[in-house]
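As structure tokens, the structure follows; a few thoughts come after it.
Here it is in structure tokens:
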């Protein structure tokens with residue numbers, strides 16, 4: 003009796019539950035896998051395939067040219083300019099944006115009147131669309147009507163057209179990048195500061211450490227994981243920057259403010275040079291993935 | 002960090018420096034935004050001599066003309082359709098996949114999960130040409146779905162990760178009790194998991210919505226007809242048409258970022274939590 007009862011109840015639990023799990027498995031997983039494979043993974047593989055052809059996208063690709071597209075890309079001066087610009091964005095993110103975000107986070111993680119309002123204000127540029135931000139700043143920089151022009155005129159100087167000069171266009175874009183993204187990094191640091199173990203900070207204070215000593219030897223080291231994360235986002239963000247550049251400069255003048263993606267757009271997509279554009283895409287993909295894996299291996303091993 | 006520090010000292014030069022520094026940054030953030038909103042109320046002539054200050058004559062006409070034109074509302078409608086499609090499909094597809102990863106142990110489960118998270122490593126732009134050809138071959142070019150489906154695919158990685166973690170953290174006893182009472186996995190998902198997961202669904206939904214609402218590259222590549230353009234494309238066309246009539250462009254920008262700012266003020270918590278926590282756990 004006892005045996006029969008237990009076997010019956012265990013059947014009642016295990017039987018339907020395994021069936022249920024199997025149904026879940028065959029109903030719930032395929033939509034995600036299918037969409038992801040179709041629109042994310044396959045296109046990457048196809049990019050590698052198309053990049054071996056000289057193809058305008060119509061009919062089937064037939065004109066096999068091997069690695070020529072890669073050679074053409076690497077021989078284009080604009081490609082190296084775009085790569086340099088991505089490097090500049092990363093440098094500015096690390097040298098200016100990150101310290102700024104960290105300083106603001108340390109100030110605003112404390113509780114005082116207005117702290118929350120300031121956090122929200124500083125975060126606001128991040129949620130604005132890149133396109134809107136770019137347009138706002140193309141007004142700010144406008145040589146006739148813009149804010150910068152009016153400041154210049156107030157000093158009696160001839161207003162510059164910052165976005166129209168090869169020597170200043172990238173600088174102008176970099177300023178907008180910092181303006182738009184510092185708030186995001188600040189929020190990362192604030193979130194980290196608020197989950198810090200406060201007893202460590204208090205212990206340091208009790209042991210007689212000054213404010214700046216506590217900061218340097220306790221708080222900042224505790225923030226290292228977040229700093230590494232912030233650097234990671236800055237670099238990945240730089241590699242995919244596009245929307246912001248288009249309304250400001252479209253990558254010009256003379257390719258001086260192209261990023262990798264705007265270079266890809268201007269040279270591959272807008273002219274439907276599928277093979278050439280795919281080669282740029284593959285190069286960008288390799289850079290992103292190599293970077294992500296090495297960075298994770300070297301700097302984020304424990305996370 | 003601790004509130005005790007602030008009250009303790011009566012005056013420090015450091016406090017003054019801090020106040021000045023914060024005020025300076027606040028001004029740098031605010032001035033371009035305010036100048037945009039106010040610029041929409043000025044005439045072109047006044048904009049040139051007075052880009053910073055309050056308008057001497059408030060030109061409500063600039064805003065009224067845009068609000069009474071069909072164009073503005075059509076752009077918002079298109080954006081709303083694309084974003085709603087994207088959010089709905091992302092939530093359904095990602096929640097189902099996340100539920101499977103959280104509760105069903107099967108061979109290859111962790112491998113499939115890392116396969117999905119590959120999507121976090123590279124931007125959609127890398128494969129946008131083959132993506133264009135695929136969407137064209139599927140006959141989805143110049144349709145809302147042609148934009149929404151790839152957006153869903155690219156938001157899956159982050160969404161599945163966030164949802165799976167939340168589903169796993171729900172008390173396991175709930176599932177055991179439900180199964181003993183004869184509830185199926187699918188019913189459990191529908192009637193227990195989803196209702197309990199409203200906060201994370203709201204967070205994931207908000208991130209996906211903001212990303213889709215602001216997106217530019219995918220609609221730019223997939224759409225050819227003006228009538229289907231979401232607002233980021235539409236505003237670029239508008240700027241092209243009114244190239245230096247900045248007062249009109251500024252009014253148009255203000256009206257198009259207004260929904261984002263209203264949403265941000267209403268759903269700050271979800272947006273900040275989603276965009277930062279989502280980032281940290283990714």
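Residue numbers (my numbering), protein chains in the order written: chain H, 3 to 305; chain U, 2 to 283.
C-beta atoms are modelled at their ideal positions from N, C-alpha and C, and glycine is treated no differently.
Within chain U, the residues placing a beta-carbon under 8 Å from that of residue 142 of chain H are 33 and 36, ordered along the chain.
In this chain, residue 41 of chain U is not harboured by any alpha helix (DSSP H), its DSSP state being neither H nor E.
Look at residue 57 of chain H here: in three-state DSSP terms it is coil, with no helix or strand label. The beta carbon of residue 160 of chain H does not come within 8 Å of any beta carbon belonging to chain U, so the residue lies off that interface.
A direct Cα-Cα distance of roughly 35 Å separates residue 282 of chain H from residue 33 of chain U. Under the three-state reduction of DSSP output, residue 59 of chain U falls in the coil class, being neither helix nor strand. Residues of the stretch 283 to 303 of chain H with a Cβ closer than 7 Å to any Cβ of chain U, in chain order: 283, 286, 287, 290, 291 and 294.
At a Cβ-Cβ threshold of 8 Å, residue 160 of chain U and residue 65 of chain U do not count as neighbours. Per DSSP, residue 131 of chain U is one residue of the alpha helix (DSSP H) stretching across 129 to 138. Taking all protein chains in view, the Cβ of residue 157 of chain U is crowded by 16 or more other Cβ atoms within 10 Å, so the residue is classified as buried.
By the CB criterion at 8 Å, residue 100 of chain U and residue 194 of chain U fall inside the cutoff. In this structure, the straight-line span from the alpha carbon of residue 125 of chain H to that of residue 31 of chain U is close to 12 Å.
At a Cβ-Cβ threshold of 8 Å, residue 270 of chain H and residue 130 of chain U count as neighbours.
Under the Cβ criterion (8 Å, minimum of three pairs), the stretch 187 to 198 of chain H counts as touching the stretch 102 to 120 of chain H.
Closest by C-alpha distance to residue 79 of chain H, out of H:279, H:115 and H:258, is H:258.
Beta-bridge annotation (DSSP): residue 66 of chain H is paired with H:55.
In this structure, H:40 is the residue among H:278, H:255, H:68 and H:40 with its C-alpha nearest to the C-alpha of residue 139 of chain U. For residue 84 of chain H, the closest C-alpha among the options H:244, H:224, H:299 and H:296 is that of H:244. Comparing alpha carbon positions, the residue from U:179, U:210 and U:13 closest to residue 275 of chain U is U:210. Nearest neighbour of residue 60 of chain H by Cα position, chosen from H:296, H:275 and H:295, turns out to be H:275. As the crow flies, the alpha-carbon of residue 36 of chain H is around 26 Å from that of residue 231 of chain U. In the displayed model, residue 143 of chain H falls within coil according to three-state DSSP, outside both helix and strand. With fewer than 16 other CB atoms across the displayed protein chains lying within 10 angstroms of its CB, residue 196 of chain U is exposed. Excluding the 5 residues flanking it on each side, residue 151 of chain H has same chain C-beta neighbours closer than 6 Å at 145 and 161, in chain order. Residue ranges of uninterrupted alpha helix (DSSP H) with 4 or more members, entirely inside the stretch 108 to 183 of chain H and ordered along the chain, are 117 to 129, 132 to 142 and 149 to 156. In this structure, DSSP gives residue 120 of chain U a helical state, which the three-state scheme calls helix. Residue 170 of chain U: member of the alpha helix (DSSP H) spanning 145 to 170, first to last residue.
No Cβ of chain H is located within less than 8 Å of the beta carbon of residue 148 of chain U. Proximity of chain H to residue 75 of chain U at the Cβ level (cut-off 9 Å) is not reached, the minimal Cβ distance being about 17 Å. In the three-state reduction of the DSSP assignment, residue 245 of chain H falls in the coil class, being assigned neither a helical nor a strand state.
Residue 223 of chain H is outside the set of residues whose beta carbon lies under 8 Å from a beta carbon in chain U. Listed in chain order, the non-local C-beta contacts of residue 176 of chain H below 7 Å within the same chain comprise 90, 91 and 94, local neighbours out to five positions each way being set aside.
In the three-state reduction of the DSSP assignment, residue 222 of chain U falls in the helix class. DSSP places residue 184 of chain U in the coil class of the three-state scheme, outside both helix and strand. In the DSSP annotation of this structure, residue 217 of chain U is not part of any alpha helix (DSSP H), being labelled neither H nor E. Residue 272 of chain H and residue 163 of chain U have their C-alpha atoms spaced approximately 36 Å apart.
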